[in-house]
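Residues -19 to -1, 1 to 883 in mature numbering (1 follows the signal peptide of the UniProt record, and there is no 0) are what the sequence shown spells out, letter by letter.
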Amino acid sequence: MRHILVYLIVAGLMITLNCEKRQGNPGRPRDMKQQQRPSTTSTVGPVKLKVVVNRFGKNLQLKCVANVTHPVSFLWKFNNQTFSENQTVKIKCTDRSSELILRNVRAHNTGTYKCVVRSNRTNWQPSIFVEVKPSLKIKIRPKDVRLTTKTGSYEWHCDSLVSLPNVTFSWFRKLLPKGKWRSIDNNSERYKWRIPRTLHARRDVYDVYDMYCEMTYRRVTIRSPIARVVVTRPGTDDTLGSCPAEVSEGIQWDRTLLGLVNRQNCLPDDENSGVAVRVCEAFPGRPPQWRVPNLRDCSSPEFDSLKDQLDALEEGFKVKLDIKQALDQLRSLTRVHRKPRPGMNSSVRLFGKDLLSTVDILKRTQGFFKKEQGKKPLAKETLNSFTETASNVLDLENQETWLEVEETNPETPSELLTSLDNFGFDLEKDFNGSDDVIEDRVEKNLVFQMRRVDVKSKQKAKDFIFEQNKSGIVLPQEIFNKASSETVTVVSVIYDTLAFILGDVNTTSNLSSYYALSNSRIISTTVKPLGEEQLKQPVRIVLENNGTSFRESDQRRCVFWQPEVAGSQWSDEGCRLVPENTTKTVTTCECDHLTLFAVMVESAGENLDSEELRKLEIISTVGSAISLAAVLLAMIIYAYFWKTLWSKRFVNFMNLCLAIALLDIFSVLRGPFKEDEGPCTAIGILLHFFVLAVFMWMFCEGILLCLLLTNVFKQNYGRKWYILVHLIGWGLPALIVIISIGVRGTSSYGLSGHCWLSRSNGFIWAAMTPMIVVLLASYIVYGIMLRRVITSQKVQQEDTLGKVKASARASIIIMPVLGFTWTFAILDFFFDELTFKYLFAIFNSLQGLFIFIFHCLLNQQVQQALFKKTKQTERRSIVDRLKTQEMRMTASHDTDSLDSVR
C-alpha cells in the first residue's frame, strides 16, 4: 500500500506540471532567456500580431489583425502597461485590425508588446518581444588639443553614446599632410600617448596629427570623428603668432596658432548641438585675427523640440500644440536679442540648423492651415507671429548665418519668400464675401500686406498703389479689368535687408557676373488670379536705398527674380530704368510682369572675393611701380645715347615708353583715389587715353617692323612718317576719348570706385575694340617676323634645336613691344576667369621691365654704346692722370731751377 500511495502522489505531481507547462502558470515566471528572445510575429487563435517596421531613432510599427466575422475591440500594452495616444504613440483601429506606431524609438522601447483583442465571446492576447537595437555612435575627446614637445603624456577617451557590453576598441593616428594611418596597439577605451620631444619636420614650427578610435560590437565596427592634435615647440606663440582665447557667439574659443582651425561644441557639454568652426588667420602687416565663427552645423534643443512636435503633429500624433502656438513660440525663439545661453554673457545670432528649421516650419504652415481651414479663422496674433518671425530671421544680425547656410542650401531664401506669399493667400481665404479687405504688418525688416480687391468697384477706381516710405509699387488698371473672378488677391512684401542676406546671386548672361544687388530695398508682389502674365501697361516700382546714395557714375539695372521657380536667375528682361524719376537715393523701374523686383549696380571686380581682389591690387601696384622705374631708366639711356642709337625705330620706341610710363603712373594713382568720385572719373578718362596710346604706339611699332622685314622701308620718308605715327599714336586715342565723352558723358568713367569704363552700357567697347584690332595686327606682324627668322640663311644652316632657339629668342624680344601680354585682358573680358586676371596683372604690369631687359640690357647697340662710353671714360681718366703727373713734374723742375739760381 505504501508503494502504491507514493506512486499516485508522483503521478499527480507530473500531471499538474504538464498542465502548467501547457496553459501557462501566471504565478511562476518563465525562463527569462526564452521570454526575451525577439520575434516578428505571434499568433493566438484567429489573431495575428506582427512587427511591420523597427528602426532605431525612427518608428516602431506593429499590426494586429483579427480574422473573425464580427467586430472586435483592440487594446495595446507594453510590459503590461496600457498605451494611450500622445506625442510619440499613435493607434489606428478598424473593425478587425489595429496599428500601433511609436516615434523616435530608443533602447528603452525594448520589451513585450501585447495586442488585447476583445469580443463578446472571448479574448485573445498575442504578444511579441521586440528588441530595439541601438545605432552605434561613439565620440572621441578631446576633439582638438594643442600640446608642446615638453607636455609628456596625454590621454584621449573613446566613449560610446549607448551603453553596450563586450565591446573592443582600436586607435589610429597619422601625421599630416602626407603620413599614413598607423594602427596603435591599444584595446582600451582610453589611449595615453607620450608626446614626441622633437618635431617630425625641423623646418616647421609645429606638427599636426589626426586621430580616431574604432569600436567593435557584435562584428559591427564604427569610427569616431577625427580629433586633431597640434604639437609645437615651447614659445611658438611668440614666434608664429596666435589668436587669443575669447568668447564669441556664446562659445568659448581656446588660444589657437596662426593658420589652424579651432572646433568647439556649439553648446557646452552638448554633443548633439553640433560643431562650430573658427579659423585663426592674418593679413600682411596685421597681427593674427579670428575669423567669424561658422555656425552652419549648430542647432539648439529648443528649435529641435519645436520641430519634432510639429513633425509629430503632421504625422497625425496627438500633440498638445497647434500651428498657431508653434508660430508664437517660433517668434520668441528667433528674436535676435534673446537671453544669452547658459554660462555665457553675450547674445548670439541664430545657429545654421535653427535658421533652416525656422524656414522649414514657415514653409509647412500652409499644409497645417489647409487642415484647419473652415474650423476656425486665423487669428490676428497668428499674422503677427508669422510676419515677425520672418522679419527676425532676416535681421542683419543673422547675415553671417545666412551666408553659411546658402553654401549648402542655396534654395533657403526662395523658400522663405514663397512661404510669405502663400501665407498671404491662406489669410485671404478666412474672409467671406467679396468686399475689399486689407491686412498689413510693419515689422523691423519687412512690410507685409495682403489685400483683397473687389474687381467691380476697382474698375471705377485708380491704379492699385502699395507703398511704405519712399518704396512702393503701382499696379495698372489692366490687371483688374482682365481678372477672371469677382475678387483679386494681392500679396506684397517690401524687404529692407534681403539684398544683404542673399549674398552672391545668379544672373542671366546679359547681366554677367559684374552686377551685384545694390544696397536698396526689394519688393515682391503676387496677384491671384492673374489674367495675363505679360502686361501691356507697365508696373511701376519705386525702390529706396537703405541709408546710402548712388553715385552718378553707378550704372543701375532694374531686375527681377522668380523665387517660386527652381533655378530662377536675376534678369532685366521686360524691365527698364526710368531716369527722370530716379535720384541718388531712389530708383524707379517699369516692368511688364509681376514678381520680385530689385536694383543691381555694376560692380566690376566686386564679383571677386575680397582677398583675391586685394592680391590683384597688390600685384598690379607693385608691378606698375617696377615697370615705371624700368621704362624711365630705358628712356634715360636711349636719350643719353641718342646719337649712337638713332634709327627708324627710335621715335617709336621712345613714345611707346612714354605712354607706358604715364599709364603706370595713373594705374598706381587709381588706388588712393578710387573712392573719390571726381578724381576717380578723371583718372578713368586718362587711363582710357593712355591705354589707347600704348596700343596705338604698339600698332605703329608693328607697322614699322613689318615694313622693315619686307624691305618696303627703303625710302627715307622723313618728316611725313614721323607726323603720321604721332597722329596715330597720340591723335587717334584723343579722338576716341573725345567722341566717347561726347556720346556717353563722363558718367561712364570712374565706375563703382574702379576708375575704369562701364560694362553695362557697352562703353567698355570704346577701349576693347581698338585693343582687339591692334592685337590681331600684332599677331600678323609676329607671324611675318617668325617666318623671316626661320627662313633666313643663317638659321637654315642650324639644326631643329637651333631653329627653335632662334625663334624663341626673336619671340621674347618682340612680344613686349607688340603688347602680347594684353591678350590675357581680352580673355578675362570674355571668360571672366580668375586665372586670366592673375596672368594679366603679373605680365602686363611688368611690360616696362621686359622692354628694359630685352631692348636695353640685352640690346647689342646699347651694350656697344655703354662699352664705348666706358672706354672713353677710361681713356679720359688716363689722360687726366698723365696731365696731372706732367704738371707735377713741371712744377718740381721749376722749383729745382729756382733753388739753383738762389
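Each residue gets a CB set at the ideal place from its N, CA and C atoms; glycine is no exception.
Remember, predicted model here, so these are calculated numbers, not experimental data.
**Request:** Would you identify the three-state DSSP class for residue 168, choosing helix, strand or coil?
**Result:** In the three-state scheme derived from DSSP, where H, G and I count as helix and E and B as strand, residue 168 is classed as coil.
**Message:** Just list the residues that DSSP pairs residue 208 with in beta bridges.
**Reply:** Beta-bridge pairing by DSSP links residue 208 to 192.
**Prompt:** When the Cα of residue 316 is compared with those of 378, 755 and 278, which residue comes out closest?
**Reply:** It is 378 whose Cα lies nearest to the Cα of residue 316.
**Message:** Is residue 651 a contact residue of the ligand NAD, with contact defined as CB to any heavy atom under 8 Å?
**Reply:** Of ligands this structure carries none, so the ligand NAD is not represented either.
**Asked** Would the beta-carbon of residue 41 fall within 9 Å of that of residue 30?
**Response** No, these two residues do not count as a Cβ contact at 9 Å.
**Prompt:** Just curious, the beta strand (DSSP E) that residue 750 is in, first and last residue?
**Reply:** Looking at the DSSP string, residue 750 is not in any beta strand (DSSP E); the run it does join, the alpha helix (DSSP H), is 746 to 771.
**Asked** Are the segment 138 to 146 and the segment 109 to 129 touching by the rule of at least three beta carbon pairs closer than 8 Å?
**Response** Touching, yes.
**Message:** If we require 3 or more residues per run, which beta strand (DSSP E) segments fall completely within the segment 394 to 459?
**Reply:** Qualifying beta strand (DSSP E) stretches, in chain order: 418 to 423, 427 to 435, 445 to 449 and 452 to 456.
**Message:** Beta-carbon within less than 7 Å of residue 237's beta-carbon, same chain only, minus the 5 sequence neighbours each way: which residues are those?
**Reply:** 223, 224, 243 and 261.
**Item:** Cα-Cα separation, residue 736 to residue 190
**Value:** Whole-angstrom Cα-Cα distance: 48 Å.
**Cβ distance (whole Å) where residue 278 is taken to contact residue 300 below 8 Å** = Taking a contact as a CB-CB distance under 8 Å, the pair residue 278 and residue 300 does not count as one, their CB atoms being some 27 Å apart.
**Prompt:** Once you ignore the five residues that flank residue 802 on each side, which residues in its own chain have a CB closer than 6 Å to its CB?
**Reply:** Around residue 802: 824, 825 and 828.
**Message:** What residue range does the beta strand (DSSP E) around residue 701 cover?
**Reply:** Run containing residue 701: none in the beta strand (DSSP E); it sits in the alpha helix (DSSP H), 700 to 707.
**Request:** Give the single residue among 435, 446 and 764 whose Cα lies nearest to the Cα of residue 683.
**Result:** Residue nearest to residue 683 within the set 435, 446 and 764 is 764 (criterion: CA-CA distance).
**Prompt:** beta strand (DSSP E) containing residue 60: first to last residue?
**Reply:** Under the DSSP assignment, residue 60 falls outside any beta strand (DSSP E); it carries neither an H nor an E label.
**Item:** Spatial distance of residue 799 from residue 232 (CA atoms)
**Value:** If I take the Cα positions, the gap works out to 59 Å.
**Prompt:** Who are the near neighbours of residue 338 in its chain, counting only those whose CB is closer than 8 Å to its CB and skipping five residues on each side?
**Reply:** For residue 338, where only same-chain residues beyond five positions count, the Cβ hits under 8 Å are 280, 284, 285, 287 and 288.
**Request:** With distances taken Cα to Cα, identify the nearest neighbour of residue 756 among 670, 419, 306 and 678.
**Result:** Nearest Cα to residue 756 within the set 670, 419, 306 and 678: 678.
**Asked** Which term fits residue 409, buried or exposed, when burial requires 16 or more other beta carbons within 10 angstroms of its beta carbon?
**Response** With 16 or more other Cβ atoms within 10 Å, it is buried.
**Prompt:** For residue 402, which residues from the same chain have a beta carbon less than 8 Å from its beta carbon, with the 5 sequence-adjacent residues on both sides left out?
**Reply:** If we look at residue 402 and ignore the five residues flanking it on each side, its Cβ neighbours are 472, 474, 505, 507 and 545.
**Request:** Mind checking which residues open and close the alpha helix (DSSP H) that includes residue 625?
**Result:** Looking at the DSSP string, the run of the alpha helix (DSSP H) that includes residue 625 is 623 to 626.
**Request:** Starting from residue 723, follow the alpha helix (DSSP H) in both directions and report where the run begins and ends.
**Result:** For residue 723, the enclosing alpha helix (DSSP H) covers residues 713 to 725.
**Item:** Close-in-space but distant-in-sequence residues of the same chain around residue 139 (CB under 7 Å, 5 per side omitted)
**Value:** These residues qualify, in order along the chain: 119, 121, 150, 170, 194, 196 and 205.
**Message:** In this structure, how does DSSP classify residue 181 when only helix, strand and coil are distinguished?
**Reply:** In the three-state DSSP reduction, residue 181 falls in the coil class, being neither helix nor strand.
**Rounded distance between the beta-carbons of residue 210 and residue 192, thought under 8 Å** = That belief holds up - the Cβ atoms of residue 192 and residue 210 are roughly 6 Å apart, short of 8 Å.
**Cβ neighbours of residue 842 in the same chain (closer than 6 Å, five flanking residues each side left out)** = Closer than 6 Å at Cβ, skipping near neighbours: 626.
**Message:** If you reduce the DSSP assignment to three classes, tell me which class residue 271 lands in.
**Reply:** Secondary structure of residue 271 (DSSP, three-state): strand.
**Asked** If you drop the 5 nearest sequence neighbours on each side, which residues of the same chain put their C-beta closer than 7 Å to that of residue 674?
**Response** Exclusion of the five residues before and after residue 674 leaves 640, 710, 711 and 714 as the residues of its chain whose Cβ lies within less than 7 Å of its Cβ.
**Beta-carbon proximity list for residue 676, same chain, < 6 Å, skipping 5 on both sides** = Spatial neighbours of residue 676 in its own chain (CB-CB distance under 6 Å, excluding positions within 5 residues in sequence) are listed in chain order as 751, 752 and 755.
**Message:** Tell me which residues share the same chain as residue 310 and place their Cβ nearer than 7 Å to its Cβ, disregarding the 5 neighbours each side in the sequence.
**Reply:** Correct list, in chain order: 287.
**Asked** Which runs of the beta strand (DSSP E) fall wholly inside the segment 535 to 581 and span at least 3 residues, in chain order?
**Response** Here the runs fully enclosed are 537 to 542, 556 to 558 and 567 to 572.
**Message:** For residue 552, tell me which candidate among 498, 811 and 517 has the shortest Cα-Cα distance.
**Reply:** Looking only at 498, 811 and 517, the smallest Cα-Cα distance to residue 552 is reached by 498.
**Item:** residue 651 vs residue 666 beta-carbon contact at 9 Å
**Value:** Judged by their CB atoms, residue 651 and residue 666 are not nearer to each other than the 9 Å cut-off.
**Close-in-space but distant-in-sequence residues of the same chain around residue 381 (CB under 6 Å, 5 per side omitted)** = Excluding its 5 nearest sequence neighbours in each direction, residue 381 has C-beta neighbours in its own chain below 6 Å: 273, listed in chain order.
**Request:** Could you round the C-beta distance between residue 433 and residue 423 to whole angstroms and report it? I think they count as a contact, below 8 Å.
**Result:** The pair is not a contact, with the Cβ atoms about 19 Å apart (cut-off 8 Å).
**Asked** Does DSSP put residue -17 in a helix, a strand or coil?
**Response** Its pLDDT being 46, under 50, residue -17 is placed unreliably by the model, and the measurement read from it follows with that caveat. For residue -17, the secondary structure class from DSSP, reduced to helix, strand or coil, is helix.
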